[in-house]
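Quick notes on the structure that follows.
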Amino acid sequence: MKIPKQRGPVSTALFGVLAEAPGTQAKGLEGLQRLVAAQLAASTDIIADDDLQLALFCLYELHYSGLEGVSDEWEWVPELIRVRQLLETPFEAALRDAAAEAAGNLELPPASGLTSDAVADVLFGLAARDGGPSLSRYVAKKATLEQLKEFLIHKSIYQLKEADPHTFAIPRLSGRAKAALVEIQADEYGGGRPERMHSALFARTMRGLGMTDHYGAYVNDVPAVSLAAVNLMSLFGLNRRLRGAITGHLAIYEMTSSQPNRLYGNGFRRHGFDAQVTHYFDEHVEADAVHEQIAGRDLAGGLVEAEPGLLNDVLFGATAVMAIDGRLSAHILQAWESGRTSLRAAVPAAA
Amino acid sequence: MNQEPPESSIVVCPDGPLIVRGDFEIVTPSGEPVPRERKTVALCRCGASAIKPYCDGTHKMIKFRTEPPSP
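Protein chains in written order, with my numbering: chain A, 197 to 547; chain B, 1062 to 1132.
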């Protein structure tokens, strides 16, 4: 993707360093590490910090499809990995706080000898009580055409690379959990048909509304919390020690998806869009009803049976996504209900 | 004891659908294929899905139970 516009001192310094060749930036990297430390000390809420979330998003992007004009060599430069870790540590701590709050007084069966069915039960229980504000009902009943576009812009940050963060976890799993993740991912990636990849279906929906569908086109327009929702998946996917969290994340994602996607599709049908546009949502109604069973029982449950010590991280991943996506939904709904845009600045209407 | 696993399997999900995996076809009573977009499918067994024969997760909303309530 194109390098986005900077949002503060850290992203400015980061983009300055990345524009040059690795090996020439010893001073710049030192300065960047100091800036990160200073900005972290000044920031009261890293999840809502535009500068830090954008910097982290771009650092992760080096592990996905890269940044235009930036040398691929930067991906494994130790000093730059150090910058990423400086950001990841407080980000993970903030996520753990938010997740603990979302979990509330979760009653757990005894961890020893927990079966995969019991793990799935706990996760389905969590998904069922997700009582946050309903973005899907708003989209179904009230959203204007402009708001539908805003909704796609927020989603596009992830959906144009849908499934990629979880793919990083495949070689970290084994046996039943690995087979389950591969089965889900194969479906996410279209079962061998590139035009049916979920990211490709989402791109088709965007084009149907006259929007640009290339990856990262709208990064400049979304607030920090939209980036945080994607950064948390990269954090979980790229750190082997958090393999429990990425499975819990996927399980809750799938378990809270079928019905909202039916409602999202209804919102677009209400505005007269046909199956070309709604196919992405219709596909998820059916696919995620399959995936939620596999993700809850075989992936997360299978992992906990194999490695009982990971139960808490599975639950961390599950409740972290509830907390952050709840916060993002609340942000969007608050803006819309008071007649404002949920984006950082008005996006020029696409032709 | 060199028994090969069967080519297809049906997972009976507690309070949920039937997950069917392997080599099988889904057909109407007259033998016409039912449109199918994926290898592994979830078949509705609560009766409330809007996309039958496939599951759409509605069983969770209607509190479908596969086990009789305990006395």
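All C-beta atoms in this analysis are idealised placements derived from N, C-alpha and C, irrespective of residue type, glycine included.
query, result
"The beta strand (DSSP E) enclosing residue 1071 (chain B), as first and last residue numbers", "1069-1073"
"Three-way DSSP call (helix, strand, coil) for residue 262 (chain A) in this model", "coil"
"Under 7 Å (Cβ pairs) to chain B, residues found in the region 438-457 of chain A", "454 and 455"
"Closest residue to residue 432 (chain A) among A:366, A:230 and A:470 (Cα-Cα distance)", "A:366"
"Given residue 397 (chain A) as reference, the closest of A:540, A:521, A:474 and A:344 once Cα atoms are compared", "A:474"
"Rounded straight-line distance, which links the Cα of residue 352 (chain A) to that of residue 1077 (chain B)", "31 Å"
"Exposed unless 16 or more other CB atoms sit within 10 angstroms - verdict on residue 515 (chain A)", "buried"
"The region 1089-1104 of chain B: positions lying closer than 8 Å to chain A by Cβ", "1098, 1099, 1100, 1101, 1102 and 1103"
"Residues that DSSP places opposite residue 1080 (chain B) in a beta bridge", "B:1072 and B:1103"
"Alpha-carbon spacing of residue 246 (chain A) relative to residue 420 (chain A), whole angstroms", "5 Å"
"Cross-strand partners of residue 334 (chain A) (DSSP beta bridge)", "Answer is none; residue 334 (chain A) lacks a bridge partner."
"Every unbroken alpha helix (DSSP H) within the region 387-444 of chain A, with a cutoff of 4 residues, ordered by chain", "394-404 and 420-434"
"Cβ shell of residue 411 (chain A) (< 7 Å), same chain only, five flanking positions each side left out", "197, 261, 356 and 357"
"Chain-ordered residues of the region 468-487 of chain A with a beta carbon less than 8 Å from chain B", "479, 481, 482, 483, 484, 485 and 486"
"Beta carbon proximity, residue 1074 (chain B) to chain A, threshold 9 Å", "yes"
"Cβ-based contacts, 8 Å cut-off: residues of the region 324-351 of chain A near chain B", "324"
"Cβ-based contacts, 7 Å cut-off: residues of the region 373-399 of chain A near chain B", "379, 383 and 387"
"Contacts around residue 298 (chain A), its chain only, beta-carbon distance under 8 Å, and the 5 residues preceding and following it disregarded", "515, 516, 518, 519 and 522"
"DSSP bridge partner residues for residue 1130 (chain B) (one or two, in chain order)", "Bridge partners of residue 1130 (chain B): none, in fact."
"Coil, strand or helix - residue 1088 (chain B) by DSSP", "strand"
"For residue 528 (chain A), the first and last residue of its enclosing alpha helix (DSSP H)", "507-533"
"C-beta atoms of residue 331 (chain A) and residue 525 (chain A) nearer than 9 Å", "yes"
"Other residues of its chain near residue 543 (chain A): CB distance less than 6 Å, five sequence neighbours each side excluded", "Note that residue 543 (chain A) scores 47 on pLDDT, short of 50, meaning its location in the model is unreliable and no value can be drawn from it."
"DSSP three-state assignment for residue 367 (chain A), whether helix, strand or coil", "helix"
"Rounded C-alpha distance that separates residue 546 (chain A) from residue 415 (chain A)", "Confidence at residue 546 (chain A) is low in this model, with a pLDDT of 44, below 50, so the placement of that residue is unreliable and no value is reported for it."
"Three-way DSSP call (helix, strand, coil) for residue 306 (chain A) in this model", "coil"
"C-beta contact flag for residue 206 (chain A) and residue 248 (chain A) at 9 Å", "yes"
"Listed by chain order, chain A residues near residue 1029 (chain B) by CB distance under 7 Å", "With chain B covering 1062 to 1132 only, the question about residue 1029 (chain B) has no answer from this structure."
"Continuous alpha helix (DSSP H) stretch holding residue 471 (chain A): start and end", "471-489"
"Residue-level contact to chain D via CB, residue 1066 (chain B), 9 Å cutoff", "Absent from the structure is chain D; the protein chains it does hold are A and B."
"Residue 1077 (chain B) at chain A interface by Cβ criterion, 9 Å", "yes"
"Cβ-based burial, residue 257 (chain A) [other Cβ within 10 Å; buried from 16]", "buried"
"Residue of A:390, A:463, A:255 and A:503 minimising C-alpha distance to residue 278 (chain A)", "A:255"
"Pairwise C-alpha distance: residue 274 (chain A) and residue 220 (chain A)", "14 Å"
"Span separating the alpha-carbon of residue 534 (chain A) from that of residue 528 (chain A)", "10 Å"
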